[in-house]
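A.B. asks:
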Amino acid sequence: MTHSSNGETGFYFLKKMYGDLDVLFLTDEYDTVLAYENKGKVDQATDKTDPLMDTLNSMNRVQQVELICEYNDLKTELKDYLKRFADEGTVVKREDIQQFFEEFQSRKRRRVDGMQYYCS
1 MTHSSNGETG FYFLKKMYGD LDVLFLTDEY DTVLAYENKG KVDQATDKTD PLMDTLNSMN
61 RVQQVELICE YNDLKTELKD YLKRFADEGT VVKREDIQQF FEEFQSRKRR RVDGMQYYCS
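Just so you know, full-length UniProt numbering puts 22 at position 22 of the sequence shown, and the rest follows in order with no gaps.
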């Protein structure tokens, strides 16, 4: 057992010394590598619920495919639209984005209105 010059034993001596040196955090059980690893595991477990995946999983296969196709169309069209600004070296304004989405919705409406559904 470790003793200080004034008779204090082990843990109490170290705790006083750490306090004198202003490093008491070294004895904090919530500030250990293990504590942070465990916290990381808990955080990862809660991060696993992805709202997009939850939504996709609640849909039937046809809805899933339609949603993914719409997403891909949006991504491609937006990328092409923004590329024009980049190529010209112009700044994209709020009005440009609003115009893009209005035109996108209009094109989507024309596609949907032109479709015919057959049930057998």
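No residue lacks a Cβ here, since even glycine has one placed at the ideal position from N, Cα and C.
Keep in mind it's a predicted model, so treat the numbers as computed, not measured.
Tell me whether the beta-carbon of T27 lies closer than 8 Å to the beta-carbon of Y36.
C.D. replies: In the sequence shown, counting from the first residue as 1, residue 27 sits at position 27. In the sequence shown, counting from the first residue as 1, residue 36 sits at position 36. For T27 and Y36, no; Cβs fall outside 8 Å.
A.B. asks: Rounded to whole angstroms, what is the Cα-Cα separation between A86 and I97?
C.D. replies: Numbered from 1 along the sequence shown, position 86 holds the residue referred to as residue 86. Numbered from 1 along the sequence shown, position 97 holds the residue referred to as residue 97. Distance between the alpha carbons of A86 and I97: 14 Å.
A.B. asks: Where R111 and D43 are concerned, what is the direct C-alpha to C-alpha distance, given to the nearest angstrom?
C.D. replies: Along the sequence shown, read from residue 1 onward, the residue named residue 111 stands at position 111. Along the sequence shown, read from residue 1 onward, the residue named residue 43 stands at position 43. Using only the alpha carbons, I get a separation of about 43 Å.
A.B. asks: Taking the straight line between their C-alpha atoms, what separation do you get for M53 and V92?
C.D. replies: The residue given as residue 53 occupies position 53 in the sequence shown. The residue given as residue 92 occupies position 92 in the sequence shown. If you take the alpha carbons of M53 and V92, they lie about 31 Å apart.
A.B. asks: From what residue to what residue does the alpha helix (DSSP H) around G10 run?
C.D. replies: Against the sequence shown, residue 10 aligns to sequence position 10. Counting along the chain, the alpha helix (DSSP H) containing G10 begins and ends at 10-20.
A.B. asks: Would you kindly work out how many angstroms separate the C-alpha atoms of E102 and E77, rounded to a whole number?
C.D. replies: Here residue 102 corresponds to residue number 102 of the sequence shown, with the count starting at 1. Here residue 77 corresponds to residue number 77 of the sequence shown, with the count starting at 1. C-alpha separation (whole angstroms): 13 Å.
A.B. asks: Compare the beta carbon distance of L56 and L74 with 8 Å and say whether it is the shorter of the two.
C.D. replies: As a first step, residue 56 is located in the sequence shown; it is residue number 56 there, counting from the start. As a first step, residue 74 is located in the sequence shown; it is residue number 74 there, counting from the start. Against a cut-off of 8 Å, the Cβ pair of L74 and L56 comes out as no contact.
A.B. asks: Which full runs of the alpha helix (DSSP H) of 4+ residues lie inside the stretch 51-112, going along the chain?
C.D. replies: Runs found: 51-57, 61-88.
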